[in-house]
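Novice:
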Amino acid sequence: MQMRSARGGGYLLEDTYSSDLESLRWALEELNASAPTKKKWAVLSHLSSPETTLQAKTLTDTFALDRVWWISKPSDLSDLVQEFSAVDLSQITVLIKGQRRFKLESFAATMRKQYHSTWAEINLGAMRRNLQKFKAVVEPTTKVMAMVKASSYGSGTLEVARFLQDLHVDYLGVAFAQEALSLRAQGVDMPILVLNVESEQVPMLAQSECEVELFSKHQLFDWLSATRTQTLNVHLKVNTGMNRLGFAPAEIPELLQELQDMSSVEVTGVFTHLAAANLPAEDDFTRGQLDQFSTVVKQVKAYYPSVCAHALNTHGIHRFPDGQHHMVRLGLGLYGVGVYGGVSALEEVLSWKCKISQIGSLRQGDSLGYSRSFVAESATQYATLPVGYADGLSRSLSNGKGAVYIRGVRCEILGNVCMDMCMVNITGLKVKEGEEVELLGSLQSANAM
Numbered sequence: 125m126q127m128r129s130a131r132g133g134g135y136l137l138e139d140t141y142s143s144d145l146e147s148l149r150w151a152l153e154e155l156n157a158s159a160p161t162k163k164k165w166a167v168l169s170h171l172s173s174p175e176t177t178l179q180a181k182t183l184t185d186t187f188a189l190d191r192v193w194w195i196s197k198p199s200d201l202s203d204l205v206q207e208f209s210a211v212d213l214s215q216i217t218v219l220i221k222g223q224r225r226f227k228l229e230s231f232a233a234t235m236r237k238q239y240h241s242t243w244a245e246i247n248l249g250a251m252r253r254n255l256q257k258f259k260a261v262v263e264p265t266t267k268v269m270a271m272v273k274a275s276s277y278g279s280g281t282l283e284v285a286r287f288l289q290d291l292h293v294d295y296l297g298v299a300f301a302q303e304a305l306s307l308r309a310q311g312v313d314m315p316i317l318v319l320n321v322e323s324e325q326v327p328m329l330a331q332s333e334c335e336v337e338l339f340s341k342h343q344l345f346d347w348l349s350a351t352r353t354q355t356l357n358v359h360l361k362v363n364t365g366m367n368r369l370g371f372a373p374a375e376i377p378e379l380l381q382e383l384q385d386m387s388s389v390e391v392t393g394v395f396t397h398l399a400a401a402n403l404p405a406e407d408d409f410t411r412g413q414l415d416q417f418s419t420v421v422k423q424v425k426a427y428y429p430s431v432c433a434h435a436l437n438t439h440g441i442h443r444f445p446d447g448q449h450h451m452v453r454l455g456l457g458l459y460g461v462g463v464y465g466g467v468s469a470l471e472e473v474l475s476w477k478c479k480i481s482q483i484g485s486l487r488q489g490d491s492l493g494y495s496r497s498f499v500a501e502s503a504t505q506y507a508t509l510p511v512g513y514a515d516g517l518s519r520s521l522s523n524g525k526g527a528v529y530i531r532g533v534r535c536e537i538l539g540n541v542c543m544d545m546c547m548v549n550i551t552g553l554k555v556k557e558g559e560e561v562e563l564l565g566s567l568q569s570a571n572a573m
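Numbering of the sequence shown is given in the numbering used here, commencing with residue 125 and proceeding in unit increments.
1. Quick one: give me the first and last residue of the alpha helix (DSSP H) that M235 is part of.
2. Just to confirm, are E245 and S475 a CB contact at a threshold of 7 Å?
3. Suppose only complete runs of 3+ residues qualify. What are the beta strand (DSSP E) ranges in the segment 362-427, listed by chain order?
4. Would a C-beta distance cut-off of 7 Å place G539 and S497 closer than the cut-off?
5. Where does N571 land, buried or exposed, given buried means 16+ other C-beta within 10 angstroms?
6. Using the Cα positions of L329 and G132, report the straight-line distance between them to the nearest angstrom.
7. From L255 to V321, what distance separates their C-alpha atoms?
8. Taking all protein chains shown into account, do 16 or more other C-beta atoms lie within 10 angstroms of the C-beta of R453, making it buried, or fewer, making it exposed?
9. Considering only residues of the same chain and omitting the five flanking positions on each side of F187, which have a CB-CB separation below 7 Å?
10. Am I right that G457 and A250 are in contact with their C-beta atoms under 8 Å? What's the rounded C-beta distance?
11. Taking 7 Å as the cut-off, decide whether the C-beta atoms of L248 and S143 are in contact.
12. Name the DSSP bridge partner or partners of L486?
13. By Cβ distance below 7 Å, which residues in the same chain neighbour K237 in space, the five residues on each side in sequence not counted?
14. With DSSP as the reference, identify every bridge partner of V336, one or two as the case may be.
15. For R534, which three-state DSSP category applies?
16. Under the rule that 16 or more other beta-carbon atoms within 10 Å means buried, what is L307, buried or exposed?
17. Quick check: what's the CA-CA separation for E471 versus R253?
18. Relative to the alpha-carbon of V211, which residue among E303, M543 and G134 has its alpha-carbon at the smallest distance?
19. Which residues in the same chain as Y427 place their Cβ atom closer than 8 Å to its Cβ, once the five residues preceding and following it in sequence are excluded?
20. Would you kindly work out how many angstroms separate the C-alpha atoms of V358 and V272, rounded to a whole number?
21. Run through DSSP, which three-state label would H439 get?
22. Using 8 Å as the cut-off, can you tell me whether the segment 508-519 makes contact with the segment 534-552, which would need three or more C-beta pairs spanning the two stretches below that distance?
23. Between which two residues does the alpha helix (DSSP H) carrying T184 extend?
24. Taking N549 as part of the beta strand (DSSP E), name the residues at either end of that continuous run.
25. Let me know if Y295 comes out buried or exposed under the rule of 16 or more other beta-carbons within 10 Å of its beta-carbon.
26. Less than 7 Å between the C-beta atoms of Q505 and T551, yes or no?
27. Less than 7 Å between C-beta atoms, sequence neighbours within five positions excluded: which residues of the same chain meet that for I216?
28. Are at least three pairs of beta-carbons, each pair with one atom in the segment 354-370 and one in the segment 396-404, less than 8 Å apart?
29. With respect to the beta strand (DSSP E) encompassing Q126, which residues constitute its N-terminal and C-terminal limits?
30. Tell me which residues share the same chain as M451 and place their Cβ nearer than 6 Å to its Cβ, disregarding the 5 neighbours each side in the sequence.
31. Identify the residues that DSSP records as bridge partners of E560: which are they?
32. Would you please state the rounded distance, in angstroms, between the beta carbons of S495 and K257? I believe it to be under 8 Å.
33. In this structure, does DSSP put S158 in helix, strand or coil?
34. Taking the straight line between their C-alpha atoms, what separation do you get for Q482 and R531?
35. Tell me whether the beta-carbon of F575 lies closer than 7 Å to the beta-carbon of P198.
36. Between M314, E154, A503 and V336, which has its C-alpha nearest S323's C-alpha?
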């Protein structure tokens, strides 16, 4: 199931290849939980029998949608396309779900917003399942902070934040103040921790009830000079071995004493970063970090009994379960990147796709692209794609070191990756210009690429 933008605004929640009572229930729950709009519609196919279709209609009625269309045969779609062509979708989320034989994919295609021929797709259903898999391996009382910095690792900060808020995630983590303030302005009211804060941003963050990382006394005094009228909630950053930012453990007792005279600063959290939680060879070092942090947590709790302590990142969640404290921070794992022992297989959330711009042929001895770095040893067919290093396709993937997938077949990159184009080998594949190409997704993870 995928959330897409609809033409003219609004959203489509699509699952056009299967439908049974259980998956329909889940899709309707997903519509209610994640729809960014107030109005919710559904276009649904009949199920495998009249009896199950009747049950499906009864089930759908319990969700009190604004409008529902039931498709009994594929020929119904032409009338539906015409009906929807005059509809303003800007304030509507439409669930489109049905069995493959009803060909709802073709209907959905007429509803989608038209994009540049290179685009990303975000599978929110996969994100939800990834979250559930990590929550299954932490204690029921352990909170989860979802990291949505860097535009949610390329997935879209606002859309992902709203989705996670609907799933009742405890915290969001962002890198910069503007990310947090933008989320607040657009109605995201869950707790947010901001990791990098300038003094002039402090009043706005305090007013917006965001929490901020405090890693040095110099930073603290800058903040106090910026605002004294509002309480600022801070998470103390402790340097236990990452040696990037943070107070040394030995500095904490004196800091806690000084904070008692600063009524405008409230310590709501304390945390550290693990430097090598993913490396078994460094487990002794990681345990040393966790031991230092546990000592600091005891010191902080003596002054702030309800403080929220967190140390574990995605790798730490499954490798060091005893270090959970009150909360864990979930980053790349939420987006399906990486393999984590003890956690069920994750699903890629982000797909990166494009369409074939042109198909060409090379004779033996013909060259392709800049510097003639590819010379055909035999007759070769190639496809030119509208994506290059300006889009993030690394030049290091040139000359067969990288590949894309077309119709499920791996197609190596030929020659050098250009700024906004690349060429791939499609010899033996009967493909057409305009066909879809997967650069990242279910067939090729970011790690594999």
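Cβ coordinates follow ideal geometry from the N, Cα and C atoms, glycine included.
Specialist: Straight from the coordinates:
1. L228 to M235
2. yes
3. 389-396
4. yes
5. N571 sits exposed, since fewer than 16 C-beta atoms from the chains shown fall within 10 Å of its C-beta.
6. 34 Å
7. Going from the Cα of L255 to the Cα of V321 covers about 28 Å.
8. Buried, by the Cβ-count rule.
9. L152 and N156
10. Rounded, the Cβ-Cβ distance is 12 Å, inconsistent with contact.
11. Not in contact: L248 and S143 (Cβ atoms no closer than 7 Å).
12. T504
13. Hits under 7 Å: S129, A130 and R131.
14. BP columns for V336 point to V318 and V358.
15. strand
16. buried
17. 8 Å
18. It is G134 whose Cα lies nearest to the Cα of V211.
19. L380, L383, Q384 and V391
20. 19 Å
21. helix
22. yes
23. P174 to D185
24. C546 to N549
25. buried
26. yes
27. G134, T161, K163 and W165
28. yes
29. Q126 to S129
30. K267, M269, C432 and H434
31. E560 is bridged by DSSP to K479.
32. Not really, about 45 Å apart at Cβ, beyond 8 Å.
33. It is helical.
34. 16 Å
35. Nothing about residue 575 can be reported from this structure: the residues present for the chain run from 125 to 573 only.
36. V336
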